[in-house]
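K.L.:
My questions will all concern the structure given below.
4 protein chains.
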Amino acid sequence: MKDVQNFIDTRNINIKKVGVKTVSYPISLRDRSRVRQHTVATANMYANLQHNCKGTHMSRFVEVLNKYHGDFDTSRIPEILKAMKDRLGAEASHLDLTFPYFTTGVVSPCTEREKDYPQKKYYCTLHGSLEKDADVRLTVQVPISFTFGSEHAVSCRWGVADVAVAFRNFYWLEDIIALAEAGIDEASKAVQSSHEPKLTAELLCRAICSQLRPVRELRSYTVTVHNLSDACATFASARG
Amino acid sequence: MKDVQNFIDTRNINIKKVGVKTVSYPISLRDRSRVRQHTVATANMYANLQHNCKGTHMSRFVEVLNKYHGDFDTSRIPEILKAMKDRLGAEASHLDLTFPYFTTGVVSPCTEREKDYPQKKYYCTLHGSLEKDADVRLTVQVPISFTFGSEHAVSCRWGVADVAVAFRNFYWLEDIIALAEAGIDEASKAVQSSHEPKLTAELLCRAICSQLRPVRELRSYTVTVHNLSDACATFASARG
Amino acid sequence: MKDVQNFIDTRNINIKKVGVKTVSYPISLRDRSRVRQHTVATANMYANLQHNCKGTHMSRFVEVLNKYHGDFDTSRIPEILKAMKDRLGAEASHLDLTFPYFTTGVVSPCTEREKDYPQKKYYCTLHGSLEKDADVRLTVQVPISFTFGSEHAVSCRWGVADVAVAFRNFYWLEDIIALAEAGIDEASKAVQSSHEPKLTAELLCRAICSQLRPVRELRSYTVTVHNLSDACATFASARG
Amino acid sequence: MKDVQNFIDTRNINIKKVGVKTVSYPISLRDRSRVRQHTVATANMYANLQHNCKGTHMSRFVEVLNKYHGDFDTSRIPEILKAMKDRLGAEASHLDLTFPYFTTGVVSPCTEREKDYPQKKYYCTLHGSLEKDADVRLTVQVPISFTFGSEHAVSCRWGVADVAVAFRNFYWLEDIIALAEAGIDEASKAVQSSHEPKLTAELLCRAICSQLRPVRELRSYTVTVHNLSDACATFASARG
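So the protein lines, in turn, are chains Y, Z, S and E.
To convert, count from 1 in the first sequence and add 81; that's this note's numbering.
To convert, count from 1 in the second sequence and add 81; that's this note's numbering.
To convert, count from 1 in the third sequence and add 81; that's this note's numbering.
To convert, count from 1 in the fourth sequence and add 81; that's this note's numbering.
Now the structure itself:
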């Protein structure tokens, strides 16, 4: 019986965090053209527990999901976080939703040649947290590609920019993507006109930040640019 | 010329972090039986830059790697971090190494049936950081499986435990794995003997923590147990 | 100029197959309850070229996609294949569509405990080919899980069954899933009642095949059962 | 008891193929510079069973692995296949080994800038089959990258070439990589010198094939070139 005796001691260990991961289900989102877009999201939900918490009920995460499923809207994230925090008696609640977002409306010079493709896809993550106040952030992955040579003879993938923003006021996802793509164009032109010697992760990172800096709707942003063309994938990160 | 004029402004944006990712190369490690084990690691190296840093030299990461490659040893991680910090003139340097680790020596009751397999594989990550003092942590993923029925009629995968530790003194990776597997056995027995009603992520998490708690060589630990058997993958996390 | 001279010789080499891969976009499908289900598919489209084909026009794949996008239905796959074959002047055309499919309607004893979850997800692939006649096949991945102990104390993931079928007549995806889950239950009961000594990939494979065999709507089927619980993942495959 | 009665019928269903998947372990290989290279391979082993086969013994795959593990050499693949076929009483046996291969010796103009990197990595797969005669094939993934602008201002990833070969006589892996990279250079130069209007998957595919065609040591080859720079990843395939 030694094992079981032993085992009772483990109850002094406090679980700090519990949750459910990679629950996937269809969601719909309103896009800038006011059309409902249907996509599939992967959700992570978790809670920070109080010190004296004696037991958790994982099924309550599912109850909350079930309640909002089918009528999901990004504007309801604070309400979902509140329901999670209350239902679990938690100190803080968190929700991450990752989904591919499709757009046809954003055309930038560097991506013009893709205009015939059915749709452009961007991986997005919405991160919501609630301790005292709800905090919602958005991360979007913007591909970085270039076209070279006479009549665009060669088109290449350079890397990806991860653009994470916290909102002061509402701002369209499509506009964040457009700003990131404008920054990428600017960096590309600076190299083509020899104002910059080399296209680097640092140069692209600063160029994208300079586009986001004047936007009053954004409370803060973090831009990380990854060069995937290298065997050694370099990256650079800045905040504002 | 507007673009380029515009562009010059971006230089006021400070890059905070630069690095190289997913550089992979063969390393060798000493295992508990004193045999050199050959495996393949994926390295991430990055640095926090000083506020007034005017430019970074990504190639210096590669120089440092080249210098230590071929003669790598976990005990040299502080030395590599120091070289990175100095060479880049950085505030702090970081190195992550992820690799599969193979072992035949660890046999626990729950895994006994695997003894005929060529080797057991555990994914490990070494995380080193240097600001003032070097800090080295290790994370190991320990699979959680169970066997049921008369004569082990059914064997199933339940999930995985991520065990992260910070060292006070040297401690073998094999011993951390053995402790985690002992915790898994203990939780399993508590359910089989009906001392616990249900096998949950929380129960397994507490059982593994209770094994790590007495180990003086460990300064701290975080255990996160993931149940991968569910459509809704639950997890629980605790620290000590 | 040697390189370029050399290069001209390469034109004697005939390209046998061209296509586009991993184009992803939202599709909608009719499910058994007659509700339109919205999901995100990844498409591969390719064509076998005629021996004397002098050049291909990859953009024509995109034209075909654009034409059917927004009004996609599985019943239109032969029509899409015909459009691809004609537009590219090809010997044969192929289309693969992979997507997660969500269902609440299928409840089997082994999965009953998941009934509170928002939805069950199954990865499906539709494979269409057209040389002379159109041939449409469907593959669905059915997770294999088990629950053990008094009051379902432990639930575990055992593996996955890949069920591939060719249709003689229309048959609902939900019914194929239900048959596979009935086979899994049957194998499980045979082990629990000791009519079979051990739950193996072969046993599960035969049990699922025996469910599909009487279905006249299916022209043929291939079942491959993977045991993911092992360090050495075993599998068994049978056809009918 | 209906279920169990029912179940007995399933025994008429013949299992056609059994095996073990994703067994991973360290292997060592001799490279061109005669140095033993240590890497980690993932193995798939499977067998086609005879029609009247009454039961299989998956553990025999493991026995065979155990016997050759630690003393593995590519030249022993036919011997391993023979042992698998005999031990399982199978009609045919198959072995796939996938591993990253590291090289410093291959430098081509397009990759010259990577010479400072610790090592270049290529994913390789060895496929062995034995029905009457042993057949060994090798697939290697060769990255396709380009550098543009004055003083190599921009370097980009274009895609990847999958080069699969069957051997008539021994031929070094390093030499296959060198030929593929020579084909990539040639196609690049043809575009830069405007002898070809555009860099396409077809052009690169023909250029690589033209390099492999004269090699007498190769019995056959299949080259598939994937353009990963596009949202719509195009590919082209040819054989010789």
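C-beta atoms are modelled at their ideal positions from N, C-alpha and C, and glycine is treated no differently.
1) So, for Val221 of chain Z: in the same chain, excluding its five sequence neighbours on each side, which residues have a beta-carbon less than 7 Å away from its beta-carbon?
2) Taking only beta-carbon positions, decide if Leu309 of chain Z is within less than 9 Å of chain S.
3) Consult DSSP for Ala173 of chain S and reduce its assignment to one of helix, strand or coil.
4) Given Ala124 of chain Y, which residues of its chain have a CB within under 6 Å of its CB, disregarding the five upstream and five downstream residues?
5) Please determine, among S:Asp311, S:Val306, S:Lys270, the residue with the shortest C-alpha to C-alpha distance to Ala317 of chain S.
6) Kindly indicate if chain S contains any beta-carbon less than 9 Å away from that of Pro278 of chain Z.
7) Which term fits Asn308 of chain E, buried or exposed, when burial requires 16 or more other beta carbons within 10 angstroms of its beta carbon?
8) If you measure from the beta carbon of Lys102 of chain E to each beta carbon in chain Z, is any gap under 9 Å?
9) Ignore the nearest five residues each way along the sequence and tell me which others in Leu169 of chain S's own chain have a CB closer than 6 Å to its CB.
10) Are any of the Cβ atoms in chain E nearer than 9 Å to that of Ile94 of chain S?
11) With 9 Å set as the bound, which would you pick, yes or no: does the beta-carbon of Ser71 of chain Y sit closer than that to a beta-carbon of chain S?
12) Please state the DSSP three-state secondary structure of Cys313 of chain S.
13) Which residues in the same chain have their Cβ closer than 7 Å to the Cβ of Gly186 of chain S, if we skip the five residues on either side of it in sequence?
14) In chain Y, which residues lie with their C-beta within 7 Å of the C-beta of Phe229 of chain E?
15) Could you pull out every residue in the same chain whose Cβ sits closer than 8 Å to the Cβ of Ser236 of chain E, ignoring the five residues on either side in sequence?
16) Taking only three categories from DSSP, how would you classify Phe251 of chain Z?
17) Considering Cα atoms alone, identify which of Y:Arg117, Y:Asp167, Y:Leu219 is closest to Gly209 of chain Y.
18) If we cut at 9 Å on Cβ distances, does Phe183 of chain Z have a partner in chain E?
19) Excluding the 5 residues flanking Pro107 of chain S on each side, which residues of the same chain have their C-beta closer than 8 Å to its C-beta?
20) For a test of the three-state rule: what should DSSP assign to Ile96 of chain S, helix, strand or coil?
21) Out of Z:Ser274, Z:Glu262, Z:Met139, which has the shortest C-alpha to C-alpha gap to Lys279 of chain Y?
22) Measuring CB to CB, does Asp242 of chain Y end up less than 9 Å from Cys286 of chain Y?
23) Going by DSSP, name the residue or residues bridged to Ile108 of chain E.
24) Taking the alpha-carbon positions, what's the Leu260 of chain Y to Trp239 of chain Y distance?
25) Comparing alpha-carbon positions, which option in Z:His175, Z:Pro224, Z:Pro295 lies nearest Leu207 of chain Z?
26) Give the interface partners of Arg320 of chain E over in chain S, defined as CB-CB distance under 7 Å, in chain order.
27) Flag Val116 of chain Y as yes if its beta-carbon sits less than 9 Å from any beta-carbon of chain E, otherwise no.
28) So what does DSSP say about His132 of chain E, is it helix, strand or coil?
29) DSSP three-state label for Lys102 of chain Z, please.
30) Just to make sure I have the definition right: I need the residues of chain Y whose C-beta is within less than 7 Å of the C-beta of Cys237 of chain E. Which are they?
31) So which residues on chain S does Ala317 of chain Z lean against when the C-beta distance must stay under 7 Å?
32) Asp311 of chain Y: buried (16+ other C-beta within 10 angstroms of its C-beta) or exposed?
33) Does the distance from the C-beta atom of Asp94 of chain E to that of Arg249 of chain S stay below 9 Å?
34) Taking the alpha carbon of Asp214 of chain Z as the reference point, which residue from Z:Tyr149, Z:Ala263, Z:Ile289, Z:Lys166 has its own alpha carbon closest?
35) Residues of chain S with CB closer than 7 Å to the CB of Gln200 of chain Y, please, in chain order.
36) DSSP has Pro181 of chain E in a bridge; who is on the other side?
P.N.:
In short, the structure shows the following:
1) Tyr203, Cys205, Val244, Leu254, Ile257, Ile258
2) Leu309 of chain Z counts as touching chain S.
3) strand
4) Val104, Leu178
5) S:Val306
6) Yes, Pro278 of chain Z lies at the interface with chain S (some Cβ there is under 9 Å from its Cβ).
7) buried
8) no
9) Ala128, Arg141
10) yes
11) Only positions 82 to 321 of chain Y appear in the structure, and residue 71 of chain Y is not among them; the question remains open.
12) coil
13) Residue confidence is low: Gly186 of chain S scores 44 on pLDDT, short of 50, so the model does not pin down where it sits. Its coordinate-derived value is still stated next. Answer for Gly186 of chain S: Arg113, Ser114, Glu255, listed in chain order.
14) Phe229
15) Arg194, Ser226, Phe227, Thr228, Phe229
16) coil
17) Y:Leu219
18) yes
19) His119, Thr120, Val121, Ala122
20) coil
21) Per the Cα distances, Z:Met139.
22) For the record, residue 242 of chain Y in the displayed sequence is Ala; it is not Asp. Yes.
23) BP columns for Ile108 of chain E point to E:Thr120.
24) 18 Å
25) Z:His175
26) Lys97
27) no
28) coil
29) strand
30) Phe227, Cys237, Arg238, Trp239, Ser310
31) Under the 7 Å cutoff, chain S gives no residues; its nearest Cβ is about 16 Å from Ala317 of chain Z.
32) buried
33) Per the sequence shown, the amino acid found at residue 94 of chain E is Ile instead of Asp. Using a Cβ distance threshold of 9 Å, Ile94 of chain E and Arg249 of chain S do not count as a contacting pair.
34) Checked all of Z:Tyr149, Z:Ala263, Z:Ile289, Z:Lys166; the closest Cα to Asp214 of chain Z is Z:Lys166.
35) Tyr106
36) The secondary-structure analysis by DSSP pairs Pro181 of chain E across a beta bridge with E:Tyr204.
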